[in-house]
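Engineer: Starting off with a structure, shown below.
Protein chains: 2
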Amino acid sequence: MTRPSYHHGDLANALTAAATQLARDGGPDAVVLREAARKVGVSATAAYRHFASHGELIHAVKHVAADRLAERMKIELARTQPLPDPGPEAVRRLRALGNGYLRFAVDEPGLFRTAFCNPAAAQVATVEIMSVEHALDMALVDPFRMLMETVEELARTGMLAPERRPWAEIFAWSAVHGLAMLLLDGPLQACSPDEREQVIARVLDGVADGLVPPSPGPRA
Amino acid sequence: MTRPSYHHGDLANALTAAATQLARDGGPDAVVLREAARKVGVSATAAYRHFASHGELIHAVKHVAADRLAERMKIELARTQPLPDPGPEAVRRLRALGNGYLRFAVDEPGLFRTAFCNPAAAQVATVEIMSVEHALDMALVDPFRMLMETVEELARTGMLAPERRPWAEIFAWSAVHGLAMLLLDGPLQACSPDEREQVIARVLDGVADGLVPPSPGPRA
DNA sequence: GGGAGGATGCTAACGCTGTCAACATCCTGC
DNA sequence: GCAGGATGTTGACAGCGTTAGCATCCTCCC
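From first to last, the protein sequence lines stand for chains A and B. Per the working numbering, the very first residue in the first sequence carries number 1; after that it's consecutive. Per the working numbering, the very first residue in the second sequence carries number 221; after that it's consecutive.
So this is what it looks like as structure tokens:
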């Protein structure tokens, strides 16, 4: 990676890309500024012309990771046929989003972990009280919006009863995110692929049942 | 913290305690071996007589954190009155466990994060395929056992239908653990205490509904 | 066209970390 | 009472994030 001129021309992006690769391979802790600079063929301090700190570099990677997560969710959304009835269609979409989320976590554990890491935990001294919307860190705004819209649709079609509406997105997100964590860093690390499929299906069932009361009789 | 004799006498425990305090204040990343040694009043390398590596020190803290989590869950279990009927009693217990789990996460974020961190992510080169039981890392075995027993009880009393039994613990754990993560590192960081109570209650409701189909009619 | 000056890169250095090797001290069992 | 293992110390190394000061290049304005 030798560059012809003294100036790189696109260092910020190149560093972000290199750092993203590091995150892919080893999660957020593997994102080391000097290594990224080395990969790009530039001195470590050159990075400081484009990122104020190590934390900012990680934050850039976090953005990339969150975008890829959103892409994966979109792909899963399009992978199965829409249903004619809006109610079941909303349920299908919710499942698809959860599926995409979990597939991304399993396929790209390093990026997934980075998307949810807390860069500069003690750096930003005084965390201002802000709305949940703003606290979303912007990076994860796309995946969250997709979830919001689907839950909203679920409520609009009547599948999600009004008394269950409050915090319904958070419940769904919690279950799916928690499973991802347990699969990646927790007690489910050593699951066989087969077991993984089962537990993913079970949790998505549980989410659906927690939002849409199951009809009487045995489930499909 | 001056000690009378050349030998400390209980360095391993002292280091673990100091490291635990660091974890309390700043999470797993704040557990730095040299700082723990400094606090105890001992040279950094003395730690290596008791811990093979930084990772092992963190692992010790992880154990402590997991134990405190289990304690908190037990406390919450005893905080409300048992119900006469075994079915509702099992449901009460499940809720209490989730509540304790989440309170601990909120009250001791540093320890909670440490309990679920992945020390020496790349250290243990070849992760042998092992049972879920063994993958549990032992540290978290107590909280998991409590959950298992309660879900088992739920099944025994018939509250949890047989077709919903498989992976039911994991579903419950996922939802609660995911919420903890979202509250600590995720988009719910900036929740007001009031909102936090609401969302905790909602997720516990969702877990219950995902396991025990709600009876028809409006919920309490 | 040719400087002025900002943008971008470099080297050197600081303090911090985990870790190792070699040495010092203490305690315990024969 | 002493040999040897257990435990603690000093010194050093490489790697990290970060800063200061210097070098190079590009752009824009006269």
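Ideal placement from N, C-alpha and C gives every residue a C-beta, glycine not left out.
#1: Could you tell me how far apart the beta carbons of B:L360 and B:V371 are, in whole angstroms, since I believe they sit closer than 8 Å?
#2: A:Y101: which of A:W173, A:V61, A:A78 and A:G158 sits nearest, CA to CA?
#3: How far does the alpha helix (DSSP H) with B:D305 in it reach, from first residue to last?
#4: Residues in its own chain within less than 8 Å of B:L402 by CB, not counting five upstream and five downstream?
#5: Are A:R145 and B:F391 closer than 9 Å when you measure CB to CB?
#6: Can you tell me the Cα-Cα spacing of A:R92 and A:L211, whole angstroms?
#7: Using a threshold of 9 Å, state whether the C-beta atoms of A:L154 and A:A90 are closer than that.
#8: Using a Cβ cut-off of 8 Å, which residues of the stretch 263-280 of chain B contact any Cβ in chain A, in chain order?
#9: Tell me, to the nearest whole angstrom, how far the beta carbon of A:A180 is from that of A:V207; I am working on the premise that it is less than 8 Å.
#10: Would you call the stretch 95-113 of chain A and the stretch 68-75 of chain A touching, i.e. three or more CB-CB distances under 8 Å?
#11: Rounded to the nearest angstrom, how far is the Cβ of A:L57 from that of A:A115, given a contact under 8 Å?
#12: With a CB to CB cut of under 7 Å and the five nearest residues on each side skipped, what residues in its chain are close to B:A264?
#13: Under 9 Å between C-beta atoms, does A:R95 make it to chain B?
#14: Within the 9 Å Cβ cut-off, does B:R323 reach chain A?
#15: Is it buried or exposed, B:M358, if we count other Cβ atoms within 10 angstroms and call 16 or more buried?
#16: So within the stretch 132-206 of chain A, which uninterrupted alpha helix (DSSP H) runs reach at least 4 residues, ignoring any that extend past its ends?
#17: Roughly how many angstroms separate the alpha carbons of A:G41 and A:A12, rounded to a whole number?
#18: When the cut-off is 9 Å and only beta carbons count, does B:V252 lie next to chain A?
#19: Along the chain, where does the alpha helix (DSSP H) containing A:N118 start, and where does it finish?
#20: For B:A272 and B:F332, what's the separation of their Cα atoms in angstroms?
#21: Answer yes or no: do A:A60 and A:L15 have a C-beta to C-beta separation smaller than 9 Å?
#22: Note down, in chain order, every chain B residue with its Cβ under 9 Å from the Cβ of A:N99.
#23: Any C-beta of chain B sitting closer than 9 Å to the C-beta of A:P218?
#24: In terms of residues, what are the limits of the alpha helix (DSSP H) holding A:L40?
#25: What does the Cβ neighbour count give for B:P382, buried or exposed, with the cut at 16 atoms within 10 Å?
#26: Could you give the residue range of the alpha helix (DSSP H) that holds A:R79?
#27: By the three-class DSSP mapping on this structure, what secondary structure does A:R28 have?
#28: Inspect the beta-carbon positions of A:Q198 and B:W387 and report whether they are closer than 9 Å.
#29: Given a cut-off of 9 Å, decide if A:P214 and B:P433 are closer than it, judged by their beta-carbon atoms.
#30: DSSP three-state label for B:G330, please.
#31: Helix, strand or coil, according to DSSP, for A:G9 in the structure here?
#32: Do you know offhand how far A:L204's Cα is from A:V64's?
#33: What is the rounded straight-line gap between the Cα of A:A30 and the Cα of A:G158?
#34: Is the shortest distance between the beta-carbon of A:G186 and the beta-carbons of chain B less than 9 Å?
#35: When you compare only the Cα positions, how much space is there between B:I420 and A:R164?
#36: Quick check on B:A227: buried or exposed, where buried means 16 or more other Cβ atoms within 10 Å of its Cβ?
Structural biologist: For this structure:
#1: Within the second sequence, residue 360 of chain B is the residue found at index 140, counting from 1. Within the second sequence, residue 371 of chain B is the residue found at index 151, counting from 1. Here B:L360 is actually not in contact with B:V371; their C-beta atoms are around 16 Å apart, not less than 8 Å.
#2: Translated into the one-based positions of the first sequence, residue 101 of chain A becomes position 101. The alpha carbon of A:Y101 has as its nearest neighbour, out of A:W173, A:V61, A:A78 and A:G158, the alpha carbon of A:W173.
#3: As a first step, residue 305 of chain B must be located in the second sequence, where it is residue number 85. From DSSP, B:D305 is part of no alpha helix (DSSP H); its letter is neither H nor E.
#4: Residue mapping note: residue 402 of chain B aligns to position 182 of the second sequence, counting from 1. Non-local C-beta neighbours of B:L402 in its own chain, meaning closer than 8 Å and more than five positions away in sequence, comprise L408, ordered along the chain.
#5: Along the first sequence, one-based indexing puts residue 145 of chain A at 145. Along the second sequence, one-based indexing puts residue 391 of chain B at 171. No. Outside cutoff.
#6: Counted from its first residue, the first sequence places residue 92 of chain A at position 92. Counted from its first residue, the first sequence places residue 211 of chain A at position 211. The straight-line gap from Cα to Cα measures roughly 13 Å.
#7: Counting from one through the first sequence, the residue named residue 154 of chain A turns up at place 154. Counting from one through the first sequence, the residue named residue 90 of chain A turns up at place 90. A contact, by the Cβ cut-off of 9 Å.
#8: Using a CB distance below 8 Å, no part of the stretch 263-280 of chain B faces chain A.
#9: Numbered from 1 along the first sequence, position 180 holds the residue referred to as residue 180 of chain A. Numbered from 1 along the first sequence, position 207 holds the residue referred to as residue 207 of chain A. In this structure A:A180 does not touch A:V207 by the C-beta definition: roughly 13 Å separates them, more than the 8 Å allowed.
#10: Enough Cβ pairs lie closer than 8 Å, so yes.
#11: Residue numbering aside, residue 57 of chain A sits at position 57 when the first sequence is read from its first letter. Residue numbering aside, residue 115 of chain A sits at position 115 when the first sequence is read from its first letter. Actually they do not touch by this definition, with Cβ atoms about 15 Å apart.
#12: Residue numbering aside, residue 264 of chain B sits at position 44 when the second sequence is read from its first letter. Hits under 7 Å: L253, R254 and A257.
#13: Within the first sequence, numbered from 1, the residue matching residue 95 of chain A stands at position 95. No, A:R95 does not count as interfacial toward chain B.
#14: Indexing the second sequence from 1 puts residue 323 of chain B at position 103. At a cut-off of 9 Å, the C-beta of B:R323 has no neighbouring C-beta in chain A.
#15: Position 138 of the second sequence, counted from the start, is the residue given in the question as residue 358 of chain B. Exposed is the call here.
#16: Counting whole runs of 4 or more residues, the stretch 132-206 of chain A contains the alpha helix (DSSP H) stretches 132-135, 141-156 and 168-184.
#17: Here residue 41 of chain A refers to the residue found at position 41 when the first sequence is read from its first residue. Here residue 12 of chain A refers to the residue found at position 12 when the first sequence is read from its first residue. About 13 Å.
#18: For the purposes of this step, residue 252 of chain B is identified with residue 32 of the second sequence, where counting begins at 1. Answer no: the Cβ-Cβ gap between B:V252 and chain A never drops below 9 Å.
#19: If you number the first sequence from 1, residue 118 of chain A lands on position 118. Counted as a single uninterrupted DSSP element, the stretch harbouring A:N118 is not any alpha helix (DSSP H), since DSSP gives it neither H nor E.
#20: The count along the second sequence starts at 1 and reaches residue 272 of chain B at position 52. The count along the second sequence starts at 1 and reaches residue 332 of chain B at position 112. One C-alpha to the other measures close to 24 Å.
#21: Within the first sequence, residue 60 of chain A is the residue found at index 60, counting from 1. Within the first sequence, residue 15 of chain A is the residue found at index 15, counting from 1. Yes, Cβ-Cβ distance for A:A60 and A:L15 is below 9 Å.
#22: Counting from one through the first sequence, the residue named residue 99 of chain A turns up at place 99. Against chain B, the beta carbon of A:N99 has no neighbour under 9 Å; the closest one sits roughly 14 Å away.
#23: Translated into the one-based positions of the first sequence, residue 218 of chain A becomes position 218. In this predicted model, A:P218 has a pLDDT of only 47, less than 50, meaning its place in the structure is not dependable enough to derive any value.
#24: Position 40 of the first sequence, counted from the start, is the residue given in the question as residue 40 of chain A. What sits at residue 40 of chain A in the sequence shown is Val, not Leu. Per DSSP, the unbroken alpha helix (DSSP H) holding A:V40 starts and ends at L33 to V40.
#25: Taking the first residue of the second sequence as 1, we reach residue 382 of chain B at position 162. With fewer than 16 other Cβ atoms within 10 Å, it is exposed.
#26: As a first step, residue 79 of chain A is located in the first sequence; it is residue number 79 there, counting from the start. Run containing A:R79: H54 to R79, per the alpha helix (DSSP H) assignment.
#27: For this step, residue 28 of chain A is matched to residue 28 along the first sequence. Sequence check: residue 28 of chain A is Pro here, not Arg. In this structure, A:P28 counts as helix in the three-state DSSP scheme.
#28: Translated into the one-based positions of the first sequence, residue 198 of chain A becomes position 198. Translated into the one-based positions of the second sequence, residue 387 of chain B becomes position 167. Taking 9 Å as the Cβ cut-off, A:Q198 and B:W387 qualify as a contacting pair.
#29: As a position in the second sequence, residue 433 of chain B is number 213, starting the count at 1. As a position in the first sequence, residue 214 of chain A is number 214, starting the count at 1. With contacts defined by Cβ atoms closer than 9 Å, B:P433 and A:P214 form a contacting pair.
#30: Working through the second sequence from its first residue, we reach residue 330 of chain B at position 110. Correct three-state label for B:G330: helix.
#31: Here residue 9 of chain A is taken as the residue at index 9 of the first sequence, counted from 1. It is coil, neither helix nor strand.
#32: Numbered from 1 along the first sequence, position 204 holds the residue referred to as residue 204 of chain A. Numbered from 1 along the first sequence, position 64 holds the residue referred to as residue 64 of chain A. When rounded, the distance between both Cα atoms is 26 Å.
#33: On the first sequence, residue 30 of chain A is found 30 positions in, with the first residue counted as 1. On the first sequence, residue 158 of chain A is found 158 positions in, with the first residue counted as 1. Between the alpha carbons of A:A30 and A:G158 lies a distance of about 46 Å.
#34: Here residue 186 of chain A refers to the residue found at position 186 of the first sequence. For A:G186, the closest Cβ of chain B is nearer than 9 Å.
#35: Start at 1 with the first residue of the second sequence, and residue 420 of chain B comes out as number 200. Start at 1 with the first residue of the first sequence, and residue 164 of chain A comes out as number 164. Rounded to whole angstroms, B:I420 to A:R164 spans 14 Å at the Cα level.
#36: Here residue 227 of chain B is taken as the residue at index 7 of the second sequence, counted from 1. Note on residue identity: the sequence assigns His, not Ala, to residue 227 of chain B. By the neighbour-count rule (16 or more Cβ atoms within 10 Å), B:H227 is not buried but exposed.
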